[in-house]
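J.: Before I ask anything, here is the structure I am working with.
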Amino acid sequence: MRVLLLGASRNVGYFVAQRLVAQGHICTLLLRNPDAMESDPAMADFIRDGKIKLVRGDGLVSEDVQRAWDTTKSDGDVDLVYFGIGGYPKFSITQGFVLTPADLTTRSAEVLLSVIQSSTTPTTRPKLVVITSNGLDKRTHALLPLLLKPVYKYALRTAHEDKIGLEKNVQTAAGWDGGADGGWFGSQNLVVVRPAMFTDGECLGNQKADAYRVGEELTGAWTVSRADVAHFVAEKVLADWHKWAGKSWVIAY
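Mapping to this note's numbering: the sequence shown position 3 is -5, numbers consecutive.
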């Protein structure tokens, strides 16, 4: 596959990229600082062999995303787009954890969707995997562990408002919101992954089949490692797309 990854300089996207190139896929990464990736010993061989292509740019800049798209499709249609843009938020007493800009993922998704829509036809739409968060809507918030509810409601409020905007953008494009036009992107071309609170733990999915739980709704969803979310995306979702397509999935231990 030819894969475009936005938000893969670290965290889940980084681990997804590692897995995909190890499987033989060609990955293009849009990075604000590709120099750091070029000096990464875990990625150096793949970059040298052309399995990883690096494009310098910003997910908020349409021209940069278009260049990344064009680089990905230089030898064929884009098969998959991974969207995991995020950042390191700063804590505010009044707003909780806040990204700058506060609507980073919402606006980046708008840019990406615009590029996809203008660069493809209904028969050449790529698959799209989007990483958001658990607890964004009333139902999944109600199922959170009691001690996490105030954390999600207050400390993560601003960051989650941005994730809600992200989900609204991709769901509208896919027609999940029940719009009259049915969505231009195609409902089965989208998978939304809603992780529990992230940890930096090891990938347990490499060790046992039932290392983590996945469901449209989960009770007791405390944490999950970034490495295991990447395992779910690369080893399960992409291995059996029709099983997971067209829905949002919560993942947790």
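Glycine included, C-beta positions come from ideal geometry on N, C-alpha and C.
Determine the burial state of LYS200: buried for a count of at least 16 other Cβ atoms within 10 Å of its Cβ, exposed for fewer.
T.: With fewer than 16 other Cβ atoms within 10 Å, it is exposed.
J.: Roughly how many whole angstroms lie between the Cα atoms of SER111 and HIS234?
T.: Roughly 24 Å separates the two Cα atoms.
J.: Using a Cβ distance threshold of 8 Å, determine whether the stretch 56 to 74 contacts the stretch 31 to 47, with at least three qualifying pairs required.
T.: Counting Cβ pairs under 8 Å, three or more are found: they touch.
J.: Can you check which of these residues, PRO137, THR115, ILE77, PRO118, is closest to ARG99 by C-alpha distance?
T.: Here the closest residue by C-alpha is ILE77.
J.: With distances taken between CB atoms, is the gap from ALA188 to GLY175 smaller than 8 Å?
T.: No, the Cβ-Cβ distance between ALA188 and GLY175 is not below 8 Å.
J.: Can you name the start and end residues of the beta strand (DSSP E) that TRP176 belongs to?
T.: No beta strand (DSSP E) contains TRP176, which DSSP labels as neither H nor E.
J.: Given a threshold of 16 other Cβ atoms within 10 Å of its Cβ, counted over all protein chains shown, does TYR204 qualify as buried or as exposed?
T.: By the 10 Å Cβ count, TYR204 comes out buried.
J.: What separation, rounded to the nearest whole angstrom, lies between the Cα atoms of LYS141 and ASN181?
T.: Using only the alpha carbons, I get a separation of about 32 Å.
J.: With LYS45 as the anchor, note down where its beta strand (DSSP E) starts and where it stops.
T.: Segment 44 to 48, the beta strand (DSSP E) holding LYS45.
J.: For the candidate residues ALA0, ALA36, ASP41, GLY212, whose alpha-carbon lies nearest to that of ALA134?
T.: For ALA134, the nearest C-alpha among the options comes from GLY212.
J.: Take TYR6 as the anchor and find which of ARG(-6), MET29, MET(-7), HIS17 has the nearest alpha-carbon.
T.: Checking every option, the nearest Cα to that of TYR6 belongs to MET29.
J.: Could you round the C-beta distance between SER243 and VAL185 to whole angstroms and report it? I think they count as a contact, below 8 Å.
T.: At residue 243 the sequence reads Ile, which differs from the Ser that was named. With a Cβ gap of about 6 Å, ILE243 and VAL185 count as contacting.
J.: Beta strand (DSSP E) containing ARG40: first to last residue?
T.: Here ARG40 belongs to no beta strand (DSSP E); instead the alpha helix (DSSP H) covers 33 to 40.
J.: Looking at the secondary structure, which residues open and close the alpha helix (DSSP H) in which PRO137 lies?
T.: First-last for PRO137: undefined, no H or E at that position.
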